[in-house]
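Chemist: If you read the sequence shown in full-length UniProt numbering, its first letter stands for residue 1, the second for the next number, and so on.
Glycine residues also receive a C-beta, built at the ideal position from the N, C-alpha and C atoms.
Small disclaimer: the values here were computed from a predicted structure and weren't measured.
I'd like to ask some things about the structure below.
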Amino acid sequence: MKNPIVVVGLGELGSVFARGFLRLGYPVQGVNRDQNMTQLANDIPNPEAVLISVGEADIHQVLSEIPDSWKNKLILLQNELLPRDWKAADLPMPTVISVWFEKKKGMDSKVVLPSPIFGERAKLVFDALAKVDLPAYIVDSEEELLYELVRKNLYILTTNIAGLEVGGNVEQLKNEHADVMQAVAHDVLEIQSYLSGQTHDAERLITGMLEAFDGDPQHGCMGRSAPARLKRALTFADHANLEVPKLREIARNAL
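Encoded structure:
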C-alpha cells in the first residue's frame, strides 16, 4: 500500500490533482478548513506528499500551521507565490508548480500553457497531471523556477489590473491597449523585484507573458480578484517606496 497524499483544500484545483494522485494509485486524504492538521498528522505522520491548494489569501496562515512531520513533503501551487512565502514560514524548499490551466466549476480544465514544476516531488506532480491529460514539464533549477513564478505573477497581475481600466480579453489588451499593458507590466515587475530581492529580465518576462496571451487569446482580463490584487500590489509598493504610477492611477479611478 502506498503512503497517502494529503490535499489541503479540495476546491476545483485541488480536486484535479487529487484525481491524478488517485489514478497513480495513491490514497488521498482531503483536509478542509475546519480540520486540525496537527491532529491529522498524528494519524498520517509519513504522507507521500502534502499538496497545499488553498487560495493565495489563505496560504500564509496555512503554511504557519503545517505540522513538523509534513514540512519536508509540501507541494505548493498558488498564484502570486514567491520564495519569500515559504521562507517566511521557515519551511524547507517545497515542490512548486506554476499552474497554467484553469479549472472552474462545471467545466473541464482549460490549458493556457504547459505547467512548470520544480522540486523533490516534481515527477510525482508531473505523473499525476499526465493521468488527467494536463501538460507539464520539470525545470531543473531554482533560478528557472523563480522566472516561472514571476512570469505567472506578471500575467495574473498585469491582466487583472489593466482589466480594471480597459476590460476585455488578453488579445484586446495586447493589440488595442499595448500602452496600458506595458505601463502596468513594468510597475508589476518593480514590485516583483522588491519581493524577490533581485532584478529580472523584463524583456524575457514580457515575452513570456505574451506567450501565455497567445495560449488563450479570449481569456478575460478582469477576474473577480482584480481589486484585491491591485490593493495587495500597492501595499507592497508602499512598503518599498515604489512610485508605480500606472497602478496608482488605476487605483484612483477603479477602487
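May I ask you to list the residues that DSSP assigns as paired with Val102?
Modeler: Before going on, a small fix: residue 102 reads as Glu here, not Val. DSSP lists Lys110 as partners of Glu102.
Chemist: Tell me the DSSP secondary structure of Ala57 in three-state form.
Modeler: coil
Chemist: May I ask you to verify whether the region 140-160 touches the region 216-231, counting CB pairs closer than 8 Å and requiring at least 3?
Modeler: yes
Chemist: When you compare each of Trp100, Trp86 and Asp201 to Ile117 by their alpha carbons, which one comes out closest?
Modeler: Trp100
Chemist: Verify whether the separation of the beta carbon atoms of Lys73 and Pro47 is less than 8 Å.
Modeler: yes
Chemist: Scan the region 76-101 and note each continuous beta strand (DSSP E) run of 3 residues or more that stays entirely inside, going in chain order.
Modeler: 95-97
Chemist: Between Glu148 and the rest of its own chain, which residues show a CB-CB distance below 6 Å, the 5 nearest in sequence each way excluded?
Modeler: Cβ within range, chain order: Ser98 and Pro116.
Chemist: For my contact list, Gly30 and Leu10 are in at a C-beta cut-off of 8 Å; report their separation, rounded to the angstrom.
Modeler: 4 Å
Chemist: From the DSSP output, in three-state form, read off Pro67 for me.
Modeler: Here Pro67 sits in coil by DSSP.
Chemist: What's the C-alpha gap between Leu145 and Gln39?
Modeler: 33 Å
Chemist: Can you tell me the Cα-Cα spacing of Val132 and Asp238, whole angstroms?
Modeler: Spanning the two alpha carbons is a distance of roughly 42 Å.
Chemist: Going by beta carbon distance, what residues of the same chain come within less than 7 Å of Ser53, once the five residues before and after it are set aside?
Modeler: Val7, Val8, Gly9, Gly11, Leu13, Gly14, Phe17 and Leu77
Chemist: Just to confirm, is the Cβ distance from Thr95 to Glu120 under 8 Å?
Modeler: yes
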